[in-house]
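Reading through the structure tokens given below for one structure.
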Amino acid sequence: MDRDHYAHDGNVNRPRERPGYSDLCQSEYHFDVTTPNGKKTLILETYLYDHSIPGLVMTEKRWSFTLPKVQGTEARPEFYVQLIAYNKGRLRPSRARQKGEPAVPILYDSRQAYVDMGDGSRQYARPEIFLGTDAFPYDFPGDTMKYARPLLYDINSDEVHRLVPRIFNNDDYGSVYMVFKTWNKGANEKWTIHLGELAIAGQKIALPPLQLCYRPTKKWVDIEPLMRP
């Protein structure tokens, strides 16, 4: 018997399932800092997935990212963490005619970042920050070294925030990516991601460790109209 079930009103009930997966327990952090222009609120968003993608395929989309120019053509997808950093009310370079606050430089060095694998070992990030790309509708790091930037790098720069894909975790600001030399499919709730610190207006802002939580399998039913000839 077909899995689809016909409702009395002529619609089709289609059972759906999103497999369980590991994700960050918390994604957004706020920091208050004093700058030469007064007190500012900085926002850091962290993601492992593009949550604007339908849940059914969200985890699969992530597996398409590799760095073939670094690892070779048979490279397996590498684990990466997306960072979206900006000061509250910041001018959005992707919307040139709109007004906003001047950018507060947020300097970051990914070489301090590592993943505690939960077994006593550590996996350090690659020694570059990778920009996103708006060449695709989803938010992925660019998969060639032309998207790599040397460190220290201002992750609140106009270069970052001009690149806002059509389907994205944040509609206003772009992102950078830390890439780790380990297979992303191995991510699990035993991992802890240590970002290190940000440098802002001569101050060091320590970032909290990112914990991973297991998101259990989700099932639901889509109700679709029955197509008739």
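Read in order, the letters of the sequence shown correspond to residues 114 to 342 in the working numbering.
Note that the Cβ used here is the ideal one computed from N, Cα and C, for glycine as well.
Residue i burial status per 10 Å Cβ neighbour count (16 or more: buried)
i, result
"Trp296", "exposed"
"Asp284", "exposed"
"Glu141", "exposed"
"Asp267", "buried"
"Ala319", "exposed"
"Asn282", "buried"
"Arg205", "buried"
"Lys294", "exposed"
"His274", "buried"
"Pro254", "buried"
"Thr159", "buried"
Euclidean distance between Cα positions of residue i and residue j
i, j, result
"Tyr327", "Thr305", "13 Å"
"Gly133", "Ser207", "35 Å"
"Thr330", "Leu265", "40 Å"
"Lys201", "Ile156", "7 Å"
"Gly213", "Arg203", "5 Å"
"Ala261", "Glu130", "36 Å"
"Gly315", "Pro215", "17 Å"
"Pro240", "Pro263", "8 Å"
"Ile219", "Gly299", "30 Å"
"Asp163", "Leu196", "12 Å"
"Asp271", "Val334", "43 Å"
"Arg127", "Lys332", "11 Å"
"Asn269", "Pro338", "46 Å"
"Gly233", "Gln324", "16 Å"
"Lys303", "Asp229", "8 Å"
"Leu308", "Ile336", "43 Å"
"Tyr237", "Val292", "9 Å"
"Leu137", "Pro321", "12 Å"
Assigned secondary structure, residue i (DSSP; H/G/I helix, E/B strand, else coil)
i, result
"Asn297", "helix"
"Asp222", "coil"
"Tyr260", "helix"
"Asp163", "coil"
"Glu302", "coil"
"Val273", "helix"
"Arg205", "coil"
"Cys326", "strand"
"Asp115", "With a pLDDT of 49 at Asp115, under the threshold of 50, the modelled position of this residue cannot be trusted, and the question is left open."
"Gln285", "In the sequence as displayed, the identity of residue 285 is Asp instead of Gln. If DSSP states are grouped into helix, strand and coil, Asp285 belongs with coil."
"Asn200", "strand"
"Lys317", "strand"
For residue i: DSSP bridge partner residues
i, result
"Arg235", "Asp229"
"Tyr193", "Val292"
"Asp335", "Arg127"
"Pro254", "Gly245"
"Phe144", "Leu155"
"Tyr392", "Residue numbering for the chain in the displayed model covers 114 to 342; residue 392 lies beyond these limits and cannot be assessed."
"Leu137", "Leu325"
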